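Undergrad: Taking the working numbering, the leading residue of the sequence shown gets -13, the next gets one more, and so forth.
Here's a structure for you.
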Amino acid sequence: MHKFKDLEIWKRSRVFCSKIYAITSKFSETEKFGLTNQLRRASVLILPNIAEGSSRNSNKDFSRFLQITLGSAYEIETQLLISYDLNFINKEELHLLSKELESIIKMTSKFNSTLK
């Protein structure tokens, strides 16, 4: 069993989630139930999946939750690209968020590979 609050991927994901909330607060009100909701939901889901997986008794179970975490991360990546295409975020914001997300994805993948 792992202490999720001590995991660097959880800490970084928490900061990243806050950034997603901040950036989506600037989106058009018409996107409240569209991209805003989808980005926030996917970024929030990363945290509880890491937390829940860490509570499992086997590495195999934890690994399954980390796979779900990666799915949410790739969902966010796609939604950020759509947000850029629709001019909801600029190139710099896309670059910064994508770079942070890529780091989270790499850390999660690497950590997951140690569980197998």
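Note that beta-carbon positions come from the ideal geometry of N, C-alpha and C, so glycine has one too.
Please read these numbers as outputs of a predicted model, since none were measured by experiment.
(1) Which residues in the same chain as Gly53 place their Cβ atom closer than 6 Å to its Cβ, once the five residues preceding and following it in sequence are excluded?
(2) Using beta-carbon positions only, say whether Ala8 and Ile32 come within less than 8 Å of one another.
(3) Can the beta-carbon of Glu61 be found closer than 8 Å to that of Ala37?
(4) Distance check for Arg50 and Asn73, CA to CA, integer angstroms please.
(5) Could you tell me the distance, in whole angstroms, from the CA atom of Asp71 to the CA atom of Asn43?
(6) Please report how far the alpha carbon of Gly123 lies from the alpha carbon of Leu83, in whole angstroms.
(7) Between which two residues does the alpha helix (DSSP H) carrying Lys12 extend?
(8) Note down, in chain order, each residue of its chain lying with its Cβ closer than 7 Å to the Cβ of Leu10, except the 5 sequence neighbours on either side.
(9) Closer than 6 Å by C-beta to Trp(-4): which residues in its own chain qualify, once you throw out the five before and the five after it? Chain order, please.
(10) Can you list, in chain order, the residues of its chain whose CB lies under 7 Å from that of Val30, leaving out five sequence neighbours each side?
(11) Thr55 and Thr94 look like a contact to me (Cβ under 8 Å); what is the Cβ gap, rounded to whole Å?
TA: Working from what's here:
(1) Translated into positions along the sequence shown, residue 53 becomes position 67. According to the sequence displayed, residue 53 carries Gln and not Gly. No residues qualify anywhere along the chain.
(2) Residue numbering aside, residue 8 sits at position 22 when the sequence shown is read from its first letter. Residue numbering aside, residue 32 sits at position 46 when the sequence shown is read from its first letter. Cβ atoms of Ala8 and Ile32: not closer than 8 Å.
(3) Translated into the one-based positions of the sequence shown, residue 61 becomes position 75. Translated into the one-based positions of the sequence shown, residue 37 becomes position 51. Result no, Cβ atoms of Glu61 and Ala37 do not sit closer than 8 Å.
(4) The residue labelled residue 73 in the question sits at position 87 within the sequence shown. The residue labelled residue 50 in the question sits at position 64 within the sequence shown. Rounded to the nearest angstrom, the two C-alpha atoms are 35 Å apart.
(5) Start at 1 with the first residue of the sequence shown, and residue 71 comes out as number 85. Start at 1 with the first residue of the sequence shown, and residue 43 comes out as number 57. Each residue's Cα considered, the two are about 43 Å apart.
(6) Residue 123 is absent from the structure shown; the chain starts at -13 and stops at 102.
(7) Taking the sequence shown and counting its residues from 1, one reaches residue 12 at position 26. Element bounds for Lys12: n/a, residue is neither H nor E.
(8) The residue you call residue 10 lines up with position 24 of the sequence shown. Before going on, a small fix: residue 10 reads as Thr here, not Leu. Once the five neighbours on either side are set aside, the close Cβ partners of Thr10 are Thr22, Leu25 and Arg26.
(9) Residue -4 sits at position 10 when you count from the first residue of the sequence shown. Contacts found: Phe(-10) and Ile36.
(10) One-based indexing of the sequence shown puts residue 30 at position 44. The residues are Cys3.
(11) One-based indexing of the sequence shown puts residue 55 at position 69. One-based indexing of the sequence shown puts residue 94 at position 108. Going by Cβ atoms, the distance from Thr55 to Thr94 rounds to 6 Å, so yes, they are a contact pair.
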